[in-house]
Amino acid sequence: MAVNTQLGAPASTDQVQGKYTLVRFIRNEGSVTEGATASTDLYGVQEWNIGDPDIKFTDEVFQQGGGDDAYMVERGHTWPITIDFLKGKAWTQFAALYGISDWGTSGTAAMPFVKKNDYPSFNLECIVRDPDNETHRGSIIALDVVITNINFDHPIDDSLFQVQGYTRFSPVMAPAGSELVYDQYTGDGSTTEFTLSSTPLALLTASEWDQYFYYDELYYVKEKASSASTGTFKRSGYTQATTTLTAGTAPASGTIVQVPYLKATA
Amino acid sequence: MIRANNVADIKECFVQMLDALSSPWSDWEIVSGWPDRTILQAAQKDVVYVLSPIKSGEMQNQGGLTRNYWDMVIGFWVTRDEGGPSEVDVFQSNVLNLFQNPQTVQGSQFTVEIASTTYTDTTLKEQGIYVTGISGPIEIPTEELNDFRIEFTVNLTA
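These protein sequence lines are chains A and B, in that order.
Under the working numbering, the first residue of the first sequence carries the number 1, and numbering increases by one thereafter.
Under the working numbering, the first residue of the second sequence carries the number 1, and numbering increases by one thereafter.
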């Protein structure tokens with residue numbers, strides 16, 4: 001390009017608006033179903049945000065004789081996430097996000113504002129579309145979102161209800177024509193081969209992204225023992241080829257295997 | 001594909017899109033531009049008119065050309081004998097139902113001739129036109145007591 005190059009005008013679809021975004025979620029570590037867990041649309045969303053990450057450890061590393069040359073080390077990211085709802089939708093949508101299936105009918109009749117554990121509750125998928133409300137422009141995916149708090153503000157006019165949370169798993173941008181799949185399996189102590197519900201899309205090959213636990217073409221493989229409260233990332237022990245996920249050692253009976261990945265939209 | 005900043009092309013796409021719709025739109029005569037007395041008297045149906053879009057804003061990338069936001073008036077003119085206020089109400093609800101449903105308004109097929117090229121079964125989306133909002137209606141005074149006229153403003157990018 002020359003210094004006097006004049007670019008063309010932006011396309012009408014270059015400016016995307018939140019009102020054309022479909023927000024949906026998949027609960028994790030909820031009720032166990034074999035194979036794919038379906039996404040649930042969220043209603044009443046007015047705004048959602050992924051904020052600047054909080055970084056637990058940041059340091060500049062020098063060495064003697066290296067002068068001022070240094071490299072930056074950052075570890076322990078958490079990304080704050082907020083979702084604002086129309087207040088009238090809060091009760092049903094919060095219950096869905098929390099995984100309270102009997103909300104308002106029996107069982108759970110109180111939903112605390114604060115969630116005292118640190119367990120991931122859901123995976124958020126924000127599908128950004130053109131102004132035709134149909135053509136997929138791309139998605140933002142936040143996996144393993146931990147709910148921390150509900151924020152209540154009730155002015156005399158229109159008002160919103162806010163879910164606050166965070167994720168330690170780096171949010172990702174997914175390309176047009178892709179969507180999130182969340183497969184779960186339950187180990188029986190002998191099965192080592194699990195069939196994925198769809199063919200995963202290749203994610204990243206660059207090694208510097210390994211810290212985000214990409215596992216072949218999967219975002220991650222996690223095992224949650226029947227006695228555990230939350231799953232743990234697997235760094236080895238599994239192989240994945242197209243729709244076959246093979247465990248080197250059969251997951252124990254009752255262990256849940258969680259496998260999120262991207263598939264091509266139909 | 002419409003030509004850049006060509007208000008006639010934009011207007012013609014909307015005229016043809018509305019004209020291709022089924023009832024009740026097919027019960028109305030879609031007119032391009034201001035319907036003067038001759039057109040109103042000659043019309044066999046109530047008149048829906050589409051005025052030329054007016055630039056309302058712009059977006060631009062640094063070092064690049066400008067794409068415009070437009071406001072475009074779509075009006076309805078009816079006499080009491082042809083339905084009067086009740087037909088105005090029908091028009092209002094159909095305008096809102098159409099323009100506030102993005103998948104419908106962007107996906108409605110029509111045939112249009114742009115710069116001597118005929119586009120068959122095209123859509124606003126294929127022509128690079130996107131409706132982003134609608135406001136109104138406002139009631140427009142008329143000289144005839146038994147005439148009723150309202151106008152919506154459609155917001156779009158093209």
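Even for Gly, the Cβ is constructed at its ideal location relative to N, Cα and C.
If only complete runs of 3 or more residues are kept, the region 89-156 of chain A shows the beta strand (DSSP E) at 122-129, 136-152, in order along the chain. Take the alpha-carbon of A/D132 and the one of B/E58: they are about 20 Å apart. A/A142 sits close to A/I50, with the two beta carbons spaced by under 8 Å.
Nearest CB-CB separation between A/A9 and chain B: below the 8 Å threshold. For B/M59, the chain A residues whose C-beta falls within less than 7 Å of its own C-beta are P10, Q15, listed in chain order. B/M72 has B/V154 as its beta-bridge partners, per DSSP. Within the same chain, and ignoring the five residues on either side of A/T148 in sequence, the residues whose Cβ sits closer than 8 Å to its Cβ are V114, K115, Q164, G165, Y166.
Chain B places a beta carbon closer than 8 Å to that of A/D132, counting this residue as a contact.
Contact between A/T191 and A/A250 holds, since their C-beta atoms are separated by about 6 Å, short of 8 Å.
Non-local beta-carbon contacts of B/W28 in its own chain, meaning distances under 8 Å to residues more than five positions away in sequence, involve K45, D46, V47, V48, F76, F91 in chain order. Under the DSSP definition of a beta bridge, B/W77 partners with B/V47, B/R149.
Under the three-state reduction of DSSP, B/T104 is assigned to helix. DSSP places A/G189 outside both helix and strand once states are collapsed to three, so it counts as coil. A direct Cα-Cα distance of roughly 25 Å separates A/T82 from A/Y214. Nearest CB-CB separation between A/Q6 and chain B: below the 8 Å threshold.
Taking 8 Å as the upper bound for CB-CB distance, B/N155 and B/Y69 are in contact here, some 7 Å apart.
Contact of B/Y130 with chain A is assigned, a C-beta pair being separated by under 8 Å.
Residue range 54-61 is occupied by the beta strand (DSSP E) that includes A/V61. Excluding the 5 residues flanking it on each side, A/T246 has same chain C-beta neighbours closer than 7 Å at T192, E193, Y238, T239, in chain order. DSSP places B/D121 inside the beta strand (DSSP E), whose first and last residues are 117-122.
Within chain A, the C-beta atoms nearer than 7 Å to that of B/K125 come from D132, in chain order. B/R37: member of the alpha helix (DSSP H) spanning 37-42, first to last residue. Here A/T230 is not near A/E223, since their CB atoms are 8 Å or more apart.
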